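Undergrad: When we follow the UniProt record's numbering, the leftmost residue of the sequence shown carries the number 1, and every step to the right adds one.
Every residue, glycine too, gets a C-beta built ideally from N, C-alpha and C.
Since this is a predicted model, take the numbers as computed values, not measurements.
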Amino acid sequence: MTSLSSDLEHVSLPIQKDNLESPVPARRTSSRSPSSDEDPGLLSFSLAERNPPSPLVSGNLPFPASAPEKGKKQDDSEDSAEPEMLCSVEHPCQFFAEAQRLREQKLLLDEEVTVRGQVYGVHRVILAAISRLFRGRLLEGGGQQPGFSLDVTPRGWEAALTFAYEGVLGPAPQDEVLAAAKALGAPRVKIAAQLRPEGLGKAREDEKKLTQAEELRENLHSIERLYREGIGCDLELEAEGYRLQGEGL
Numbered sequence: 001m002t003s004l005s006s007d008l009e010h011v012s013l014p015i016q017k018d019n020l021e022s023p024v025p026a027r028r029t030s031s032r033s034p035s036s037d038e039d040p041g042l043l044s045f046s047l048a049e050r051n052p053p054s055p056l057v058s059g060n061l062p063f064p065a066s067a068p069e070k071g072k073k074q075d076d077s078e079d080s081a082e083p084e085m086l087c088s089v090e091h092p093c094q095f096f097a098e099a100q101r102l103r104e105q106k107l108l109l110d111e112e113v114t115v116r117g118q119v120y121g122v123h124r125v126i127l128a129a130i131s132r133l134f135r136g137r138l139l140e141g142g143g144q145q146p147g148f149s150l151d152v153t154p155r156g157w158e159a160a161l162t163f164a165y166e167g168v169l170g171p172a173p174q175d176e177v178l179a180a181a182k183a184l185g186a187p188r189v190k191i192a193a194q195l196r197p198e199g200l201g202k203a204r205e206d207e208k209k210l211t212q213a214e215e216l217r218e219n220l221h222s223i224e225r226l227y228r229e230g231i232g233c234d235l236e237l238e239a240e241g242y243r244l245q246g247e248g249l
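1. Which residue or residues does DSSP assign as beta-bridge partners of Ser-121?
2. DSSP on Arg-149, reduced to helix/strand/coil?
3. Report the three-state DSSP secondary structure of Ala-159 (helix, strand or coil).
4. Look at the alpha carbon of Ala-172 and the alpha carbon of Ala-179, and state the distance between them as a whole number of angstroms.
5. Applying the 10 Å Cβ sphere with the 16-neighbour rule, what's the burial state of Ser-131?
6. Indicate the three-state DSSP secondary structure (helix, strand or coil) for Leu-107 in the structure shown.
7. With distances taken between CB atoms, is the gap from residue 327 to Phe-96 smaller than 8 Å?
8. Is it buried or exposed for Val-189, if we count other Cβ within 10 angstroms and need 16 for buried?
9. Report the three-state DSSP secondary structure of Arg-196 (helix, strand or coil).
10. Are the region 145-153 and the region 99-114 touching by the rule of at least three beta carbon pairs closer than 8 Å?
11. Going along the chain, which residues of its own chain have a beta-carbon closer than 7 Å to the beta-carbon of Ile-223, five neighbours each way excluded?
12. Can you tell me whether Leu-61 is helix, strand or coil according to DSSP?
13. What residue from Gly-230, Asn-219, Ile-191 has the CA that sits closest to Leu-127's CA?
14. Between the beta-carbon of Gly-156 and the beta-carbon of Gln-212, is there less than 8 Å?
15. For Val-177, does the count of other Cβ atoms within 10 angstroms reach 16, so buried, or fall short, so exposed?
16. Sorted by chain position, which residues of the same chain lie with C-beta nearer than 6 Å to Ala-159's C-beta, five sequence neighbours on each side aside?
17. State the DSSP-derived secondary structure class of Val-168, mapped to helix, strand or coil.
18. For Ala-179, report the span of its alpha helix (DSSP H) as first-last.
19. My output table needs one value for Glu-215: the three-state DSSP class, helix, strand or coil.
20. For Tyr-165 and Lys-106, what's the separation of their Cα atoms in angstroms?
21. For Gly-241, which residues in the same chain have their Cβ closer than 8 Å to its Cβ, ignoring the five residues on either side in sequence?
22. Using the three-state DSSP reduction, which class does Val-24 fall into: helix, strand or coil?
23. With a threshold of 6 Å on Cβ separation, who are the neighbours of Pro-92 within its own chain once the five nearest residues in sequence on each side are excluded?
24. Taking only the alpha-carbon atoms, compute the straight-line gap between Gln-174 and Gln-145 and give it to the nearest angstrom.
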């Protein structure tokens, strides 16, 4: 009996509730204090889990490796795209308004035309935009040239001159405008005179608005063609011994 009681002293029986729970083993304590690597508040991991994580593959990156290539392709497509053209509808009107202002102030004039004793200073390249006669004189070279006379009426000449600078015919009889157009070699002046109603008055206001912008654009395109051919758009300024190459009208 003594041996049995001594054996029972070393055995602890668990408390069972409703006979459903299995025995709960007693918690084992260790007399050894935990080291810094074995913090009791932390979960334990195996040695294999302490290895550094494997690097992420390219597909898991927040910015895929293929993104720069896409960006490069996009940049290439933008570079290969044609540049946008900016066009101002008011530019022709502003250009010729400035040319008219220069003519009224007698600035940068390089041609003198005498009509029935009256001398007109003009810009040769402006007249060359509508006249084969002035285009030929422009091809002869830049700089001031001796003036010449036209055997036309002042009204016919001024009507053509207004067409060159303003895009509409000035007031003049049709026959006088047609004679000036023939002397100048100006087919567009001839067409404008034939389309305009007879009489000395100006064209109707609605007709003027419709045609003026178109004629000025065509005048400017003619000057641009001359410029691309290297004709009539050179200017040399000289002051106090210095020369400056530039572009004139």
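TA: For this structure:
1. For the record, residue 121 in the displayed sequence is Gly; it is not Ser. Gly-121 is bridged to Glu-112.
2. Rather than Arg, the amino acid found at residue 149 in this sequence is Ser. Three-state result, Ser-149: strand.
3. helix
4. 11 Å
5. buried
6. coil
7. As displayed, the chain neither begins before 1 nor continues past 249, which places residue 327 out of reach and without an answer.
8. buried
9. coil
10. yes
11. Val-125, Ala-129
12. For Leu-61, the predicted structure reports a pLDDT of 44, less than 50, and the residue's modelled location is therefore unreliable. A value from the coordinates is still provided. Note: Leu-61 maps to coil in three-state DSSP.
13. Asn-219
14. no
15. buried
16. Leu-169, Gly-170, Ala-172, Val-177
17. coil
18. 174-184
19. helix
20. 14 Å
21. none
22. With a pLDDT of only 49 at Val-24, under the threshold of 50, the placement of this residue in the model should not be trusted; the figure read from the coordinates follows. Coil.
23. Leu-216, Arg-217, Leu-220
24. 31 Å
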